[in-house]
Amino acid sequence: MANALRRVMIAEVPTIAIDLVEIEVNSSVLNDEFIAHRLGLIPLTSERAMSMRFSRDCDACDGDGQCEFCSVEFHLRAKCMTDQTLDVTSKDLYSSDHTVVPVDFTESAGYDSPEQRGIIIVKLRRGQELRLRAIARKGIGKDHAKWSPAATVTFMYEPEIYINEDMMETLTLEEKMNLVESSPTKVFDIDPNTQQGSWCFAGVDVESGSWLWDPLFSSF
Amino acid sequence: MEHGTFTDHSSATFSLTEEDHTLANAVRFTLNQDPRVTFCGYSIPHPSDARVNIRVQTTGDPAREVLKDACQDLMLMCRHVRSTFDKAVDEFKISNPVEEMNIGKK
């Protein structure tokens with residue numbers, strides 16, 4: 035069941051991503067489909083995804099899937115005028131709907147780091163220009179990885195360990211010390227004053243799910 | 079249903095389209111918890127086809143009823159997970175008032 039949740043999180047949670055790109059002018063070093071591919075991978079804020087319809091199910095638009103119920107329009111205009119390289123980033127994408135915008139990764143700390151300027155789409159030299167119109171639609175990760183909201187999803191089973199108190203009473207101190215030493219990672223600890231044992235979860239190797247038991251205590 | 083099982087309703091193979099391990103494994107798990115089930119398993123005939131075959135054999139009850147009950151149990155489990163999760167998130171928000179993440183603001 036946990037794995038089903040993990041699979042759904044990766045592949046079947048709907049998000050919004052750019053799906054159609056109409057390029058008017060592109061004199062950059064990257065070709066059209068390259069830029070379109072990069073635009074598709076830009077993460078967009080998708081709170082509206084649940085209320086949007088899939089383009090194929092939308093009956094409001096006349097079949098081309100570009101109405102306000104099933105899509106969001108973006109445009110980008112950039113031309114490099116100076117001798118300095120112009121970075122065209124995700125911050126240059128202007129949305130027709132202010133709730134669906136490229137995700138802003140800037141740190142609130144405010145120190146000068148390259149990520150502050152958004153995801154770089156392409157770099158332009160003097161005289162190069164990029165002008166395009168993009169349509170973003172709702173989709174799921176199963177169709178294309180650009181619609182997957184998760185980077186990675188993992189889960190782990192926590193073992194339940196019960197220490198049999200009655201049996202612990204019958205052990206001598208030496209036997210308890212043997213138990214403490216028998217695990218390869220330091221799981222058990224023994225308080226020398228009260229001769230009470232305790233165990234710490236952090237030492238359990240959950241990947242292999244087992245450790246070598248001292249055969250004397252195999253009944254645990 | 080396989081040939082020969084039209085009279086015996088306690089065993090059946092159900093073929094679900096547009097499904098994969100996500101649903102099939104979860105349903106197989108809940109089927110196993112049901113005491114009326116003697117055998118249950120699922121297989122995917124071909125990975126390119128979105129199709130899953132679930133086999134159920136029971137101790138007399140009609141297999142489709144047992145499968146339906148297993149699906150209902152799975153729905154209940156999911157509902158419980160959902161409400162526990164929502165409660166935990168609300169409690170966290172109350173005890174840790176954090177500023178809104180500025181992911182959309184320029």
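In order, the protein sequence lines correspond to chains A and B. Take the first sequence: its letter number 105 is residue 139 in the working numbering, and every next letter is one higher. Take the second sequence: its letter number 59 is residue 137 in the working numbering, and every next letter is one higher. Note that CB positions come from ideal geometry on N, CA and C, so glycine has one too.
According to DSSP, A/ASP121 shares a beta bridge with A/LYS157. Every beta strand (DSSP E) of 3 residues or more that sits fully in the segment 47-110 of chain A is shown, in chain order, as 49-60. Around the CB of A/PRO136, 16 or more other CB atoms lie within 10 Å, so the residue is classed as buried. Around the C-beta of A/GLY161, fewer than 16 other C-beta atoms lie within 10 Å, and the residue is accordingly described as exposed. Measuring C-alpha to C-alpha distances from B/VAL105 to each of B/PHE170, B/PRO123, B/ASN174 and B/LYS146 identifies B/LYS146 as the nearest.
Its Cα nearest to that of B/PHE84, the residue B/ARG142 stands out among B/ASN110, B/ARG142 and B/ALA128. According to DSSP, residue pairing for B/VAL115 in a beta bridge involves B/THR136. For A/ARG40, the enclosing alpha helix (DSSP H) covers residues 36-45.
Checking the DSSP bridge columns, you'll see A/PRO136 partnered with A/LEU78. Bridge pairing for A/ILE169: A/LEU54 and A/GLU107 [DSSP].
Using beta-carbon distances, A/VAL42 counts as an interface residue toward chain B, with a partner under 9 Å. Within the segment 75-106 of chain A, the residues whose Cβ lies closer than 7 Å to some Cβ of chain B are THR79, listed in chain order. Annotated three-state conformation of B/PHE163 is helix, per DSSP.
A/ALA168 is positioned such that its CB atom lies no closer than 9 Å to that of A/HIS132. Listed in chain order, the positions of the segment 141-169 of chain B with a beta carbon within less than 7 Å of a beta carbon of chain A are MET155. For A/LEU120, not one C-beta of chain B is nearer than 9 Å to its own C-beta. Contact annotation, B/THR95 with B/ARG129: C-beta distance approximately 5 Å; criterion of less than 8 Å satisfied. At a cut-off of 9 Å between C-beta atoms, A/ALA38 counts as an interface residue with respect to chain B. When the Cα atoms are used, A/MET201 and A/ALA45 turn out to be separated by approximately 49 Å. Under the Cβ distance rule, A/GLU67 does not count among the residues neighbouring chain B, no pair being separated by less than 9 Å.
Within the same chain, ARG165 and LEU166 come within 7 Å of A/GLU58 by CB-CB distance, once the 5 residues on both sides are set aside. Sixteen is the threshold: since fewer than 16 other Cβ atoms of the shown chains lie within 10 Å of the Cβ of A/ARG90, the residue is exposed.
Nearest neighbour of B/ASN103 by Cα position, chosen from B/SER121, B/ARG160, B/CYS156 and B/THR91, turns out to be B/SER121. Where B/SER89 is concerned, the enclosing beta strand (DSSP E) starts and stops at 89-95. In this structure, DSSP gives A/ALA179 a helical state, which the three-state scheme calls helix.
Among the residues of the segment 85-98 of chain B, those with a Cβ less than 9 Å away from any Cβ of chain A are ASP98, in the order of the chain.
Judged by DSSP in its simplified three-state form, A/GLU192 adopts coil rather than helix or strand.
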